[in-house]
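Trainee:
In mature numbering (1 follows the signal peptide of the UniProt record, and there is no 0), the protein residues as written are -20 to -1, 1 to 482.
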């Protein structure tokens, strides 16, 4: 993405000044910041002590955990509690609720958004008007395979380069560029619109695109006419990661809408859904719900699960109708990020195979944050992992070296090998790694990776790899045969990618 991770909301401080001892009651916020847009709050006291709930448009009703009076503050009392939105990765952030002429004033910061809003004591009618709707999840069930993605999906996605600044004109130009550059014919056929296309829902609940996308059906027709396929993005939560409408409460309706437009691929990003889908059972159920809804449309739509590798997703991704599943958080355009994901967080190998793939996130090749050698490592490593190859650069203006990296047919053939086996490291030593991947024709792809910051001499032990003393060896980046006993000088952060046959 999109940047699909949301943080923990915690350590909210409530200061008593003009209210006296009674801090309980019903409160409604006015004009709260758009993230996470708090709407109301309930504080109660009973024999068990203080308890409460604060409601957010992003996360629904959130319990005020460990709510207690500290005995601190100008009037000798302060309430402290924390709120957990289901993501444990970010540090707690403090908020303060203090007296205001309107009632309460909320200040502080929640993740990236500063908070400054007031709340007043509310009537029952005001509170009821802000009730957060809840919907039942389906009972566990197997979603039949859609028969798609027999090899890892290839294409382009908008987020890494454009984030939410994407529009109809740019998508059309990208489609044309894929054809013109030859990348469509190399296999990059999906043109995926990530977060930022969503508009408002009509009175009938149908979600319409925003003004940047005046006619999604016409856009799909344009993409299809060029031999390409169109992808789209949504979330099981009320809000997408960038704050646009999610599919919460409209799962089946949205699936039908996308099928009517001619959509071929869905990335379903947990985002605000983590506020209430944060157990293994609920996350699996909500992804099952969309998988079944897509199948029910009768249109073949590749289904991409983006829930950041939680709850061993590869073990059940196929069962909910998924064709690929993220194994990690978002990639960044740096060697450190790419290497950490590719070498260390690449999913469980046995989960990968025709119809379902470990997804270490989109490619950053061509976005400028890495050297050519580092980008060569990036695409080689993704090919060895049998990972989806979704470009994330501006395909309209690629220099020759970027096109050569993305369009290398011999490397693409490794990624798209029909056996579908994920490569694995067989040796790690002094910052170097040797990876192998068995291929359908009996040959073996071998990656010599140098993770150090200086060139390293590396060789492959062919007998140990089961290929005898004298296999036929081809260097896939140099496009030439090499002697099996040759030592290879691998650049810093670089790779030599070989294909060997007995």
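Glycine residues also receive a C-beta, built at the ideal position from the N, C-alpha and C atoms.
All of these numbers come straight from a predicted model, not from anything done at the bench.
Give the single residue among 432, 300, 298 and 320 whose Cα lies nearest to the Cα of residue 308.
Mentor: Of the listed residues, the one whose Cα sits closest to residue 308 is 320.
Trainee: With distances taken Cα to Cα, identify the nearest neighbour of residue 108 among 396, 242, 422 and 20.
Mentor: Ranking the options by Cα distance to residue 108, first place goes to 20.
Trainee: Can you find the residues in the same chain that come closer than 8 Å, C-beta to C-beta, to residue 296, ignoring five residues on each side of it along the sequence?
Mentor: Result list for residue 296: 264, in chain order.
Trainee: Of all the options 47, 46, 161 and 105, which has the alpha carbon lying nearest to the alpha carbon of residue 374?
Mentor: For residue 374, the nearest C-alpha among the options comes from 161.
Trainee: Is it right to say residue 294 is buried, meaning 16 or more other beta carbons lie within 10 angstroms of its own, or is it exposed?
Mentor: That one is buried.
Trainee: For residue 156, does the three-state DSSP call read helix, strand or coil?
Mentor: Here residue 156 sits in helix by DSSP.
Trainee: Can you look up residue 263 in the DSSP assignment and give me helix, strand or coil?
Mentor: Of the three classes helix, strand and coil, the one that applies to residue 263 here is helix, per DSSP.
Trainee: Taking the alpha-carbon positions, what's the residue 252 to residue 202 distance?
Mentor: The alpha-carbon atoms of residue 252 and residue 202 are separated by roughly 32 Å.
Trainee: Could you tell me the distance, in whole angstroms, from the CA atom of residue 77 to the CA atom of residue 219?
Mentor: Using only the alpha carbons, I get a separation of about 25 Å.
Trainee: Short of 8 Å in beta carbon distance, which residues of its chain neighbour residue 230, apart from the five on each side in sequence? Order them along the chain.
Mentor: So the list reads 181, 185 and 187, once near-sequence residues are dropped.
Trainee: Looking at the structure shown, is residue -10 part of a helix, part of a strand, or coil, going by DSSP?
Mentor: Confidence is the limiting factor: at residue -10 the pLDDT is only 49, short of 50, which leaves the residue's position unreliable, though a coordinate-based value still follows. Here residue -10 sits in strand by DSSP.
Trainee: Can you check whether the CB of residue 366 is closer than 8 Å to the CB of residue 330?
Mentor: No; because the gap between Cβ atoms is not below 8 Å, this pair is not in contact.
Trainee: In chain order, what residues of the same chain have a beta carbon less than 8 Å from the beta carbon of residue 141, not counting five sequence neighbours either side?
Mentor: For residue 141, where only same-chain residues beyond five positions count, the Cβ hits under 8 Å are 347, 372, 373 and 374.
Trainee: Taking only runs that begin and end inside the stretch 239 to 287, name each unbroken beta strand (DSSP E) of 3 or more residues, in chain order.
Mentor: Those beta strand (DSSP E) runs which fall completely within the stretch 239 to 287 and span 3+ residues are 245 to 249 and 282 to 286.
Trainee: Roughly how many whole angstroms lie between the Cα atoms of residue 189 and residue 417?
Mentor: The straight-line gap from Cα to Cα measures roughly 42 Å.
Trainee: Enumerate, from N- to C-terminal direction, the unbroken alpha helix (DSSP H) stretches of 4 or more residues contained entirely within the stretch 314 to 374.
Mentor: DSSP runs (the alpha helix (DSSP H)) wholly in the stretch 314 to 374: 315 to 324 and 352 to 364.
Trainee: Using three-state DSSP, classify residue 496 as helix, strand or coil.
Mentor: What is shown of the chain runs -20 to 482, which leaves residue 496 out entirely.
Trainee: In the structure shown, what three-state DSSP assignment does residue 483 receive?
Mentor: An answer regarding residue 483 cannot be provided, because it is not within the stretch -20 to 482 covered by the chain.
Trainee: Spell out the partners DSSP gives residue 233 in its beta bridges.
Mentor: DSSP output for residue 233 lists no bridge partner at all.
Trainee: Is residue 253 near the ligand ZN, with its Cβ less than 7 Å from a heavy atom?
Mentor: Looking for the ligand ZN in the displayed structure turns up nothing, as the structure carries no ligands at all.
Trainee: I need the straight-line Cα distance from residue 95 to residue 63, nearest angstrom please.
Mentor: Answer to the nearest angstrom: the Cα atoms are 15 Å apart.
Trainee: Check the C-beta distance from residue 12 over to residue 129 and give it rounded, since I have them as a contact under 8 Å.
Mentor: Not a contact, Cβ separation roughly 41 Å.
Trainee: Since residue 21 is in the beta strand (DSSP E), which residue starts that stretch and which ends it?
Mentor: Looking at the DSSP string, the run of the beta strand (DSSP E) that includes residue 21 is 18 to 26.
Trainee: Threshold first: 3 residues or longer. Then list the beta strand (DSSP E) segments lying entirely within the stretch 121 to 182, N to C.
Mentor: For the stretch 121 to 182, whole beta strand (DSSP E) runs of length 3 or above, ordered along the chain, are 134 to 137, 170 to 172 and 178 to 181.
Trainee: Would residue 235 and residue 274 qualify as a contact pair, given that the criterion is a beta-carbon distance under 8 Å?
Mentor: Yes, these two residues count as a Cβ contact at 8 Å.
Trainee: Inspect the beta-carbon positions of residue 342 and residue 311 and report whether they are closer than 8 Å.
Mentor: In this structure, residue 311 lies closer than 8 Å to residue 342 by Cβ.
Trainee: Grouping DSSP H, G and I as helix and E and B as strand, with all else coil, what is residue 397?
Mentor: Coil.
Trainee: Apart from the five residues on each side of it in sequence, which residues of its chain come closer than 6 Å, Cβ to Cβ, to residue 1?
Mentor: No answer about residue 1 holds up, because its pLDDT of 39 lies below 50 and its placement is not dependable.
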